[in-house]
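According to the numbering used here, the sequence shown is numbered sequentially starting from 1.
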Amino acid sequence: MDTNEEKGILLGFLSLFETPNKDGKLGAILITDHNGVPQEFRCSHPVKPTAIQKPLYGNTLEPYVGIQLCGIPLIQSIKLKPNLIIVDKEFLLKVRNESPFPVIFLHRAGETMEVESSDGSENTKQRLESSTGTFQPVIIMAHSDYREDQDSAREIIEDIFSHLDPYEPFERMQKAIEVLGKQDNRFQ
């Protein structure tokens with residue numbers, strides 16, 4: 001059987017983070033190889049809604065910023081082409097409508113999560129366990145219009161799950177955003 005190295009597996013991790021000053025959001029995408037080694041990193045400039053925009057957008061503000069202003073532009077900007085993009089916020093699955101790459105939502109099993117589908121269809125969640133028992137199990141879910149993404153994602157995550165926690169790169173990205181905010185005032 002081919003190893004991930006022979007397959008040249010690239011993983012994309014896309015998320016939306018709060019700015020270090022907690023007054024805005026910024027998106028980031030990290031492309032890694034199958035071992036989690038960074039290959040490409042990009043982040044947006046902070047989006048800081050005005051006092052008027054916050055009540056006007058209401059609950060649609062974070063998804064709008066995450067999908068339209070950060071997620072889709074970040075996916076379009078990457079040079080490397082990942083086999084899979086993993087998101088850690090359910091609403092970010094909607095970037096799939098503009099993404100040429102499969103997109104999967106992932107969270108650690110045991111974490112509280114509400115899943116709502118705006119079109120009334122039910123999203124199918126699937127639990128995956130590390131073959132070595134080294135990492136906490138995860139739950140994956142594809143966009144309801146792209147259920148085939150879940151099968152390809154399951155295969156890739158099962159392959160890497162013995163040596164890589166598929167959620168850990170989000171933690172690295174959070175730390176990188178914090179460092180960036182300390183080094184560059186534009187990212188605060």
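Don't be surprised by glycine CBs; every beta carbon is placed ideally from N, CA and C.
- Bounds of the beta strand (DSSP E) holding D33 are K25 to D33.
- Around S77, the same chain offers R42 as residues with beta carbons nearer than 7 Å, after the five sequence neighbours per side are excluded.
- In this structure I67 is not in contact with S99, their Cβ atoms being roughly 11 Å apart against a cut-off of 8 Å.
- DSSP, read as helix, strand or coil, puts I140 in strand.
- L56 sits in a helix when the DSSP states are folded into three classes.
- In this structure R154 touches I140 by the C-beta definition: roughly 7 Å separates them, less than 8 Å.
- By the Cβ neighbour-count rule, L56 is exposed, with fewer than 16 other Cβ atoms within 10 Å of its own.
- If the five residues before and after N185 are omitted, its C-beta is found closer than 6 Å to no C-beta atom of its own chain.
- DSSP places V87 inside the beta strand (DSSP E), whose first and last residues are L84 to V87.
- For a cut-off of 8 Å, the C-beta gap from Q136 to A109 is around 6 Å, short enough to register as a contact.
- In the DSSP secondary-structure assignment, C70 is not bridged to any residue.
- Secondary structure of V47 (DSSP, three-state): strand.
- Across the structure, S152 and A51 are spaced so that their CA atoms are roughly 42 Å apart.
- Its Cα nearest to that of N83, the residue G12 stands out among L30, G12 and V37.
- Nearest neighbour of G8 by Cα position, chosen from V37, K25 and G71, turns out to be V37.
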